[in-house]
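Participant: Number 364 in the UniProt record's numbering belongs to position 364 of the sequence shown; there are no gaps in the numbering.
Even glycine gets a Cβ: it sits at the ideal position worked out from N, Cα and C.
Since the structure is predicted, the reported quantities are computational estimates derived from the model, not experimental observations.
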Amino acid sequence: QIPPQAIPSHGFHQFKSNSLDVLQRRIEELQARTDRTDIGTLLIPDIKVADSGTYMCVGSNSIGSNSAPIKVVVLKTDQSLSVVTIQPAVADVQEGQSLELDCFAPGNPPPRVTWTRANGRLSSNHQVVGRQLRILSASSDDSGEYLCHVEDSSGSRVHQASVSVSVTSSSSRLQSPIIGIEPHSAAVRVGESASFRCRVYGGAQPVRLEWKLASGQPLPENVRVSPDGSVVTISNARPTNHGAYRCVASNPFGITHTIVSLIVKEPPVATVTPSGPVRVRVGEPISLECQASGEPRPSVSWHRLDKNHKTTLSSPVPMDSNAVMQILIARPEDGGTYVCTAHSSEGTTETRVEVVIEGGSQVPSAPWTSVPEPLMTVIEGESVTLRCEAHGFPSPKIRWSKLRSTLPWKHKVVDDSLVLPGVGRQDSGEYICSATNSLGTSEVTVTLDVETPPFATSVPDDVAVRVGEVIRLQCLAHGTPPLTYTW
Numbered sequence: 001q002i003p004p005q006a007i008p009s010h011g012f013h014q015f016k017s018n019s020l021d022v023l024q025r026r027i028e029e030l031q032a033r034t035d036r037t038d039i040g041t042l043l044i045p046d047i048k049v050a051d052s053g054t055y056m057c058v059g060s061n062s063i064g065s066n067s068a069p070i071k072v073v074v075l076k077t078d079q080s081l082s083v084v085t086i087q088p089a090v091a092d093v094q095e096g097q098s099l100e101l102d103c104f105a106p107g108n109p110p111p112r113v114t115w116t117r118a119n120g121r122l123s124s125n126h127q128v129v130g131r132q133l134r135i136l137s138a139s140s141d142d143s144g145e146y147l148c149h150v151e152d153s154s155g156s157r158v159h160q161a162s163v164s165v166s167v168t169s170s171s172s173r174l175q176s177p178i179i180g181i182e183p184h185s186a187a188v189r190v191g192e193s194a195s196f197r198c199r200v201y202g203g204a205q206p207v208r209l210e211w212k213l214a215s216g217q218p219l220p221e222n223v224r225v226s227p228d229g230s231v232v233t234i235s236n237a238r239p240t241n242h243g244a245y246r247c248v249a250s251n252p253f254g255i256t257h258t259i260v261s262l263i264v265k266e267p268p269v270a271t272v273t274p275s276g277p278v279r280v281r282v283g284e285p286i287s288l289e290c291q292a293s294g295e296p297r298p299s300v301s302w303h304r305l306d307k308n309h310k311t312t313l314s315s316p317v318p319m320d321s322n323a324v325m326q327i328l329i330a331r332p333e334d335g336g337t338y339v340c341t342a343h344s345s346e347g348t349t350e351t352r353v354e355v356v357i358e359g360g361s362q363v364p365s366a367p368w369t370s371v372p373e374p375l376m377t378v379i380e381g382e383s384v385t386l387r388c389e390a391h392g393f394p395s396p397k398i399r400w401s402k403l404r405s406t407l408p409w410k411h412k413v414v415d416d417s418l419v420l421p422g423v424g425r426q427d428s429g430e431y432i433c434s435a436t437n438s439l440g441t442s443e444v445t446v447t448l449d450v451e452t453p454p455f456a457t458s459v460p461d462d463v464a465v466r467v468g469e470v471i472r473l474q475c476l477a478h479g480t481p482p483l484t485y486t487w
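Next comes the structure, spelled out in structure tokens:
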């Protein structure tokens, strides 16, 4: 495990910008806003949508360095609140038993959740605990539709979801509706249409049919239901229509649900971050992330174009539709065109990104450090500058620390030198200069000794004696030992 002090603030990088210059500005902006704990945790206060992306935690010590990515997705408030779901989506309960309905709505701070009934107020056997609605000792009167209302922290936006609760008794179970859906599932391409019919096979008449999304959300505007409620038609299908649909049948004896699945196929789309051209100096890492979307889920692979020939860099990743191409230490020959390929039964697509390696043929090397004055002695109250020189490629970053103590609060770092104005005795000690690049870390120590100038007084100040008497004069002195006395 890399000790916390070996992880400099510049060890956190974000690979999401379209160029190295933009990337550097994003890193500087994040460093100005973020805090870092002693265990290398990156804290981003007041997070924004622009902070979304893949962050690389880079840890290094004298042996080498390693990195790990983490993807951060920041949802807009209005988008997160719109995703309101109720679990269970199908709520059937036997008479006399209890039922718990849980309303899920993302948000930070957590949004306010309230429960109501579509046809009246909640009853005495209904309990609301946080986001949950509990129906105790259910009876036939508890059957019906229940609504979950979610309100954001400002109170300006309200979203809702609904669920139908069916309470059945053993005597009425045979008279509850019996239904089925034809077909059981369907798969269409974007722009095509699909229809499902909900058929009633038994139960006491009349039976009322109703179609809903399985999530409890309202039906989209391109979804139509026939006048008798039996047929639902999805016209000009789009990716958002993908999912489960529920037919709800009700009569005086109970409510029955059944679900059908619609798959909306769409050709794969591959997105590469950063989009390029990506400019990287020799010795620095290269990280290209490819994310693919589509239905069915596409597989992803990377290859490099080398004089019109493909050089495979990774095997397909059919599970998560995400592949990261990484080169820890860039060399001049790593420049060129990299291609991300996304493939599914609906087609194949490619996205290219150009990588430009800058810095010529200089060979990467681990950093090494030196100091012109390893031991410095100054007088209390003076200002002192501790200098450190670091060499290596890529150019190492210098960080100052103090052994077994924190740096003086009034210190400044100017051109990689540590400036301590108006030093005191407490500033004495060992100061560590650490130089880090992608190949490792080097350290060198400067010892600072702050001395106090001597100050002498005689006791007493004035002496009056008679001739022949003995005179004793005492000299009191303060300062950094050893002290030499002269009368």
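Answer yes if the stretch 416-428 comes into contact with the stretch 374-393, meaning at least three C-beta pairs across the two stretches below 8 Å, and no otherwise.
Facilitator: Enough Cβ pairs lie closer than 8 Å, so yes.
Participant: Can you list, in chain order, the residues of its chain whose CB lies under 6 Å from that of Leu209, leaving out five sequence neighbours each side?
Facilitator: Excluding its 5 nearest sequence neighbours in each direction, Leu209 has C-beta neighbours in its own chain below 6 Å: Cys198, Gly229, Ser230 and Ala249, listed in chain order.
Participant: Looking at Val232: is its Cβ nearer than 8 Å to the Cβ of Tyr245?
Facilitator: It is a contact, given that the beta carbons lie within the stated cut-off.
Participant: Under the assumption that Ala138 contacts Gln97 (Cβ atoms under 8 Å), give the Cβ distance between them as a whole number of angstroms.
Facilitator: 6 Å
Participant: Just curious, the beta strand (DSSP E) that Cys433 is in, first and last residue?
Facilitator: Its beta strand (DSSP E) spans residues Gly429 to Asn437.
Participant: Quick one: using the 10 Å Cβ neighbour count with 16 as the cut-off for buried, is Pro206 buried or exposed?
Facilitator: exposed
Participant: When you compare only the Cα positions, how much space is there between Ser261 and Val324?
Facilitator: 33 Å
Participant: Please return the same chain residues whose Cβ sits closer than 7 Å to the Cβ of Lys48, not counting the five positions on each side in sequence.
Facilitator: So the list reads Val74, once near-sequence residues are dropped.
Participant: Pick out the complete beta strand (DSSP E) segments inside the stretch 389-427, 3 residues or longer, and give them in chain order.
Facilitator: 389-393, 397-402, 412-414 and 417-420
Participant: Tell me which same chain residues have a C-beta within less than 6 Å of the C-beta of Ser19, skipping the five on either side of it?
Facilitator: Reliability of the predicted coordinates at Ser19 is poor, the pLDDT of 35 falling under 50, and no value is obtained from them.
Participant: Could you check the C-alpha separation between Gln79 and Gly203 for me, to the nearest Å?
Facilitator: Low confidence applies to Gln79: its pLDDT is 48, below 50, so where it sits in the model is not reliable, and the reading given next is rough at best. So the two alpha carbons sit approximately 41 Å from each other.
Participant: Inspect the beta-carbon positions of Ile181 and Phe196 and report whether they are closer than 8 Å.
Facilitator: yes
Participant: Identify which residue in Ser60, Cys148, Leu43 and Pro45 has its Cα closest to the Cα of Gly440.
Facilitator: Sorting Ser60, Cys148, Leu43 and Pro45 by C-alpha distance to the C-alpha of Gly440 places Ser60 at the top.
Participant: In its own chain, which residues sit with a C-beta less than 6 Å from the C-beta of Ser442, not counting the 5 before and 5 after it?
Facilitator: Pro367, Trp368, Thr369 and Ala435
Participant: Which residues does DSSP pair with Gly283 in a beta bridge?
Facilitator: As DSSP reads the structure, Gly283 sits in no beta bridge.
Participant: For Val467, name the three-state secondary structure that DSSP assigns.
Facilitator: In this structure, DSSP gives Val467 a state outside helix and strand, which the three-state scheme calls coil.
Participant: Looking at the structure shown, is Asn108 part of a helix, part of a strand, or coil, going by DSSP?
Facilitator: coil
Participant: Can you give me the C-alpha to C-alpha distance between Lys71 and Pro274, rounded to a whole angstrom?
Facilitator: C-alpha of Lys71 to C-alpha of Pro274: approximately 14 Å in a straight line.
Participant: Pull the bridge partners of His184 from the DSSP assignment, please.
Facilitator: None, per the DSSP bridge assignment.
Participant: For the beta strand (DSSP E) containing Asn66, list its first residue and its last residue.
Facilitator: Ser65 to Val72
Participant: Beta strand (DSSP E) containing Arg131: first to last residue?
Facilitator: No beta strand (DSSP E) contains Arg131, which DSSP labels as neither H nor E.
Participant: I want to know whether the stretch 236-243 touches the stretch 103-112 - three or more CB-CB distances under 8 Å.
Facilitator: no
Participant: What is the residue span of the beta strand (DSSP E) that Phe253 lies within?
Facilitator: Unbroken run through Phe253: none, as it is neither H nor E.
Participant: To the nearest angstrom, how far is the alpha carbon of Glu469 from that of Gly429?
Facilitator: 50 Å
Participant: On the DSSP letters alone, give me the boundaries of the beta strand (DSSP E) that Thr168 sits inside.
Facilitator: Val158 to Thr168
Participant: Check Glu221 in the structure and name its three-state DSSP category.
Facilitator: coil
Participant: Is the beta carbon of Val165 closer than 8 Å to that of Asp142?
Facilitator: In this structure, Asp142 lies near Val165, with their beta-carbon atoms less than 8 Å apart.
Participant: To the nearest angstrom, report how far apart Val450 and Thr486 are at their CA atoms.
Facilitator: 24 Å
Participant: Buried or exposed for Val465, going by 16 or more other Cβ atoms inside 10 Å?
Facilitator: Using a 10 angstroms sphere on the CB of Val465, the tally of other CB atoms stays under 16, which defines it as exposed.
Participant: Straight-line CA distance for Ile357 to Gly276?
Facilitator: 12 Å
Participant: Measure the C-alpha to C-alpha separation of Ser162 and Ala270 and round it to an integer number of angstroms.
Facilitator: 36 Å
Participant: Taking the alpha-carbon positions, what's the Val272 to Val353 distance?
Facilitator: 7 Å
Participant: Please classify Ser65 as buried or exposed, where buried requires at least 16 neighbouring CB atoms within 10 angstroms.
Facilitator: buried
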